[in-house]
Amino acid sequence: MQRILTGDRPTGPLHLGHFVGSLRNRVKLQNQYETYIIVADIQALTTHWETPELIRTNVREVTLDNIAAGLDPEKVSIFVQSMVPQIAELTVLFGLYTSVSRLKHNPTIKTEAKQYGFTDMTYGFLGYPVSQAADILFCRANLVPVGEDQLPHVEVTRFVARRFNELYGEVFPEPRAMVSEISRLIGLDGNTKMSKSLGNAIYLKDEPAEIKKKVMSAVTDPARIHRTDPGHPEICTIFAYHKAFNSSEVPEIESSCRKGTIGCVACKKNLINKLEETLAPIRERRVRFDKPGVVEDILFEGTNRAIKAGEKTMGLAREAMHTDYWKES
Ligand code: ATP
Ligand code: MG
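For the sequence shown, position 36 matches number 35 in numbering that gives the first Met the number 0, and the numbering has no gaps at all.
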């Protein structure tokens, strides 16, 4: 059976961007692949090292979000990155032959460095794509369902796997990225991608009243002042959400917006109903699993399964690199 590795940084609760970018695919594929979901606490700490308590709280949140979205904890292994020592070991090995310039030129690193105001990047931040290669390769994953911003990182992982195999012998598959049709959902501000760090998100756990408030106050087409003015759906945030959550009505909404026969308020109300269809079952599953100890047990079990996979891979890597010193020859 082929393997999937994907996951999230525990920097905040998961939102609609995660859902369309990656979560929806995880849920769909969980029966066809052996699935590992990483709660990437170390990666989160590469930008949030001053607030480890925030990351700790969100490890539970993000795990619960994944289960609420429909992942079956019996089938998939949800685990904490920092509790799998083999990931740290592999990070060191992969760093031996990955050049600094490859990391400096990574477009996602550049965007995020700007976002966080990092002028003098730390070793850990610059190197997180190497650590992410270890996240993906510790279980020798074949497929990585991710949003668009992660594509440069999957390229680094493919390089890391290929080069390791050339240098030391065939150990790692070269994993493929899988991007969904909507690989970058715009945020409520209409400026940039929906992100938990930017305060422009609708969260999976938001209550209906909160969702209504967020949608009703979202910016639409600024050129539409009167209800009958012709609209430009291609620049409208609400239209982007219809594409993600209400695909069957998209042609009709598009033409009536352009003709000015549907107003923004009606269009938003329609969207709110469609979002509820997706989010109500997620909210129900959340309540079912949000009990003391339940999430903790799921993470403990998942992490133990990940450690087993990591031990197996480390054995192969050590053998290939001739660092299996205590093994009898
Ligand atoms: P942070 O700001 O802490 O980096 P984030 O919102 O970018 O948080 P991540 O945990 O970094 O979320 O990303 C988890 C996964 O969700 C990745 O595969 C990422 O590509 C995807 N993703 C995140 N935001 C979006 C979005 N707006 N649209 C589509 N996919 C997204
Ligand atoms: Mg991110």
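Here a beta-carbon is modelled for each residue, glycine too, at the ideal position from N, C-alpha and C.
Residue j beta carbon less than 8 Å from that of residue i
i              : j                 : result
isoleucine 41  : glutamine 85      : no
valine 61      : proline 9         : yes
isoleucine 159 : phenylalanine 244 : According to the sequence as given, residue 159 is valine; it is not isoleucine. No.
leucine 184    : leucine 15        : yes
leucine 203    : proline 12        : yes
serine 179     : valine 19         : yes
asparagine 141 : proline 106       : no
glycine 189    : valine 143        : no
isoleucine 201 : leucine 4         : no
alanine 43     : isoleucine 54     : yes
glutamate 275  : proline 232       : no
alanine 305    : cysteine 138      : yes
aspartate 296  : leucine 63        : no
alanine 83     : glycine 309       : Inspection of the sequence shows that residue 83 is occupied by valine rather than by alanine. Closer than 8 Å, so yes.
Residues near residue i in its chain [Cβ-Cβ closer than 6 Å; skip 5 each side]
i              : result
glycine 301    : Ser76, Ile77, Phe78
histidine 152  : Pro128, Gln131
arginine 226   : Gly262
glycine 259    : Thr227, Asp228, Pro229
arginine 223   : Gly230
methionine 177 : Leu142, Pro144
Near ligand 2: residue i beta-carbon under 7 Å from a heavy atom
i             : result
arginine 8    : yes
aspartate 148 : yes
Contact test: residue i Cβ vs ligand 1 heavy atom, cutoff 7 Å
i              : result
valine 19      : yes
valine 293     : no
methionine 193 : yes
glycine 198    : no
valine 145     : yes
arginine 183   : yes
glycine 309    : no
glycine 189    : no
glycine 16     : yes
Cβ shell of residue i (< 7 Å), same chain only, five flanking positions each side left out
i                 : result
phenylalanine 124 : Thr45, Thr46, Phe117
glycine 6         : Ile36, Ile37, Val38, Ala39
alanine 133       : Ile86, Leu89, Thr90, Phe93
lysine 273        : Phe244, Asn245
aspartate 220     : Gly230, His231, Ile234, Cys235
alanine 112       : Met120
arginine 162      : Tyr96
lysine 267        : Val214, Met215, Ile237
Contact with chain B by residue i, beta-carbon distance below 8 Å
i                 : result
phenylalanine 137 : In the structure shown, chain B cannot be found, because there is only a single protein chain.
Same chain only: Cβ atoms within 8 Å of residue i, ignoring 5 sequence neighbours per side
i              : result
valine 58      : Pro9, Val38, Asp40, Val79, Leu298
tryptophan 325 : none
Distance cut-off 7 Å: residue i Cβ against heavy atoms of ligand 4
i             : result
glutamate 165 : In the structure on display, ligand 4 does not appear, and the ligands it does have are ligand 1 and ligand 2.
- request: Would you be able to state if there are at least three C-beta pairs under 8 Å between the region 25 to 42 and the region 164 to 173?
  value: no
task: Would you mind listing the beta strand (DSSP E) stretches within the region 53 to 134 that are 3+ residues and don't spill past its ends, in chain order?
output: 76 to 79
message: Under 8 Å: do the region 277 to 296 and the region 250 to 258 share three or more Cβ pairs, one atom per stretch?
response: no
task: Go through the region 15 to 53 residue by residue and report every complete run of the alpha helix (DSSP H) that reaches 4 residues or more, in order.
output: 23 to 28, 40 to 47
query: Which whole runs of the alpha helix (DSSP H) in the region 244 to 297 are 4 residues long or more, in chain order?
result: 249 to 258, 263 to 288
message: Suppose only complete runs of 3+ residues qualify. What are the beta strand (DSSP E) ranges in the region 134 to 210, listed by chain order?
response: Qualifying beta strand (DSSP E) stretches, in chain order: 142 to 144, 175 to 177.
- prompt: Hey, is the region 184 to 194 in contact with the region 231 to 241, meaning 3+ C-beta pairs nearer than 8 Å?
  reply: Taking one beta carbon from each stretch, the region 184 to 194 and the region 231 to 241 have 3 or more pairs nearer than 8 Å; the two touch.
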